[in-house]
Amino acid sequence: MKIRDVRAAGLRGATPAGGWQEELDQDDVVHTLVAVHTDEGLVGVGSVFTSEALVRGALELLRPLLIGEKATEPERLSERLHRTTFWMGRGGTVTHTISGIDTALWDVLGQATGQPVGRLLGGRYRERVRPYASLLMDQPEILAEHLQELAGQGWKAFKIGWGLFGRVSERLDERIVAAAREAVGPEALLMVDAGGSDSAWSNGYKWALRTARMLDRYDIAWFEEPLGPDALDDYVNLRREAPVAISGGEVLTRRQSFHPWLESGALDIVQPDVTKVGGLSEQRRIGWAAQDHGVRLIPHGWNTAVGLAADLQLASALPDTDLVEYVTGSPYVDSLTTTPWRLDADGTLAVPDEPGLGVRLDPDSLARYTDAAALLRP
């Protein structure tokens with residue numbers, strides 16, 4: 098089975114706000130789907146957290162390296178793409194695009210072998226995974242109302258982030274966290290994401306340590322991105338001193354970038370994004386390295402239904418990955434597949450058991466946000 102074509106289609110019209118300093122509009126394209134077509138009719142899909150224009154540019158470079166190659170060898174092909182394009186710079190647009198290609202190739206391999214991708218990644222440690230509802234922070238009363246609504250829908254884990262936090266006052270930060278904890282109750286998992294990779298982030302180590310001590314009073318499970326993404330030494334010190342778990346890594350790409358963070362003890366939880374880091378091939382290897390260093394991998398997942406499906410398959414195949422991120426209220430997550438996601442009574446999602454990623458895109462739903470026919474037609 099050989100690769101016949103690789104296509105891309107950006108999603109627009111319902112792009113959720115990111116909480117960024119330079120905020121997104123609904124028509125901004127930051128999520129792009131990739132489809133790998135084979136000469137035997139199988140089509141694999143992947144997702145890229147990058148604009149359509151950049152993905153299409155990268156495909157001009159990558160497509161000639163893929164056409165005619167065996168479609169059932171994701172790790173070999175992805176590594177070839179990384180090595181052949183090293184002169185373009187490791188990371189960035191090319192690596193992001195390889196992420197989508199790699200995931201699509203795993204999808205093809207699963208379909209060709211009749212196996213869910215998680216089993217091909219090494220086996221299934223679990224059949225269900227708890228998603229945490231991921232939402233932006235707001236004024237305490239508004240946020241509390243939103244969290245109560247989600248709790249009423251069966252969510253048992255929540256992450257609040259970005260928005261006002263760390264950007265107005267420490268007093269408001271604590272009011273937000275206190276309101277969130279009261280809204281979800283004492284038994285729910287609650288996490289806080291400062292969004293330190295934001296272009297306007299200016300808080301440093303002392304703020305992060307003070308805030309970590311405040312969060313501990315509200316039983317926060319982890320404190321995400323409390324510092325800028327290049328502040329490795331400060332992360333090491335913060336993890337050593339903070340009473341709550343410290344997480345980060347969503348902006349890093351390729352496994353090599355994660356090694357200094359794991360080896361220096363900078364993180365309790367590492368959060369590579371399958372749509373940026375190099376795909377499932379890289380994400381799995383990061384998971385193995387993390388386990389060797391006593392660090393949990395919990396994937397970053399502010400993306401699409403395809404990215405969520407990939408994260409669920411990975412979570413089934415890694416022993417300590419028992420949570421996935423679920424951005425709430427996004428049609429790109431909720432409405433693109435033929436079978437919608439459904440929480441069970443325990444607030445968990447079933448890992449898809451169908452071959453490949455286990456999800457199928459609904460052409461009619463997809464057509465609301467992109468040229469579905471151009472992406473998927475034979």
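With my numbering applied, the sequence shown corresponds to residues 98 to 475, in that order.
Ideal Cβ positions, reconstructed from N, Cα and C, are used throughout, including at glycine.
Computed from a prediction, not measured in an experiment: that's the story for all the values here.
Spatial distance of S432 from D330 (CA atoms): Your numbering for residue 432 matches position 335 in the sequence shown. Your numbering for residue 330 matches position 233 in the sequence shown. When rounded, the separation of the alpha-carbon atoms in S432 and D330 is 42 Å.
Do the region 99-112 and the region 409-424 make contact, defined as three or more Cβ pairs closer than 8 Å? Because the criterion of three Cβ pairs below 8 Å is not met, the region 99-112 and the region 409-424 do not touch.
Taking 7 Å as the cut-off, decide whether the C-beta atoms of T190 and A407 are in contact. The sequence position of residue 190 within the sequence shown is 93, counting from 1. The sequence position of residue 407 within the sequence shown is 310, counting from 1. Taking 7 Å as the Cβ cut-off, T190 and A407 do not qualify as a contacting pair.
Of all the options R336, D136 and G197, which has the alpha carbon lying nearest to the alpha carbon of E172? If you number the sequence shown from 1, residue 172 lands on position 75. Comparing Cα-Cα distances from E172 to each of R336, D136 and G197, the minimum goes to G197.
Cα-Cα separation between L206 and G186, rounded to whole angstroms: Within the sequence shown, numbered from 1, the residue matching residue 206 stands at position 109. Within the sequence shown, numbered from 1, the residue matching residue 186 stands at position 89. Between the C-alpha atoms of L206 and G186 there is a straight-line separation of about 28 Å.
Neighbourhood of R382 by C-beta distance below 8 Å, restricted to the same chain and skipping five residues each side: For the purposes of this step, residue 382 is taken as residue 285 along the sequence shown, with counting starting at 1. Its chain contains R352 as the residues whose beta carbon lies nearer than 8 Å to that of R382, once the 5 sequence neighbours on both sides are disregarded; these appear in chain order.
Relative to the C-alpha of P396, which residue among T445, D204 and P228 is closest? The count along the sequence shown starts at 1 and reaches residue 396 at position 299. Comparing alpha-carbon positions, the option among T445, D204 and P228 lying closest to P396 turns out to be P228.
Please state whether DSSP places V345 in a helix, a strand or coil. On the sequence shown, residue 345 is found 248 positions in, with the first residue counted as 1. As written in the sequence, residue 345 is Gly, which differs from the Val given in the question. In this structure, G345 counts as strand in the three-state DSSP scheme.
Which two residues bound the contiguous beta strand (DSSP E) that contains W478? A query on residue 478 cannot be resolved here, the shown segment of the chain reaching from 98 to 475 and no further.
Which of helix, strand or coil DSSP assigns to L233: Here residue 233 refers to the residue found at position 136 of the sequence shown. In this structure, L233 counts as strand in the three-state DSSP scheme.
Could you name the residues of the same chain whose beta carbon sits closer than 7 Å to that of E166, not counting the 5 residues immediately before and after it, in chain order? As a first step, residue 166 is located in the sequence shown; it is residue number 69 there, counting from the start. Answer for E166: K99, I100 and L174, listed in chain order.
Closest to T194 by CA distance: which of A305, Q236 and V133 is it? For the purposes of this step, residue 194 is identified with residue 97 of the sequence shown, where counting begins at 1. Out of A305, Q236 and V133, V133 has the C-alpha closest to the C-alpha of T194.
Going by C-alpha to C-alpha distance, which of Q208, M288 and Y429 sits closest to G110? What you label residue 110 is simply residue 13 of the sequence shown in a count that begins at 1. Considering only Q208, M288 and Y429, the residue with the shortest C-alpha distance to G110 is Y429.
Short Cβ contact (7 Å threshold) for K256 with M288: Taking the first residue of the sequence shown as position 1, residue 256 is located at position 159. Taking the first residue of the sequence shown as position 1, residue 288 is located at position 191. Contact: yes.
How far does the alpha helix (DSSP H) with M185 in it reach, from first residue to last? Stepping through the sequence shown from its first residue, residue 185 is reached at position 88. For M185, no alpha helix (DSSP H) run applies, since DSSP gives it neither H nor E.
Assign G444 to buried or exposed, taking buried as 16 or more other Cβ atoms, counted over all protein chains shown, within 10 Å of its Cβ. Locating residue 444 in the sequence shown gives position 347, counting from the first residue. By the neighbour-count rule (16 or more Cβ atoms within 10 Å), G444 is buried.
Could you pull out every residue in the same chain whose Cβ sits closer than 6 Å to the Cβ of V403, ignoring the five residues on either side in sequence? Indexing the sequence shown from 1 puts residue 403 at position 306. Same-chain partners within the cutoff: V142 and S144.
Label D313 either buried or exposed according to how many other C-beta atoms from any shown protein chain fall within 10 Å of its C-beta, with 16 as the threshold for buried. Your numbering for residue 313 matches position 216 in the sequence shown. Exposed, since its Cβ has fewer than 16 Cβ neighbours within 10 Å.
For L151, the nearest candidate out of T169, T192 and D124 (CA to CA): In the sequence shown, residue 151 corresponds to position 54, counting from 1. With distances taken between Cα atoms, L151 lies closest to T192.
So the candidates are G220, P340 and A280; which of them puts its Cα closest to the Cα of A309? Locating residue 309 in the sequence shown gives position 212, counting from the first residue. Measuring from the Cα of A309, the nearest candidate turns out to be P340.
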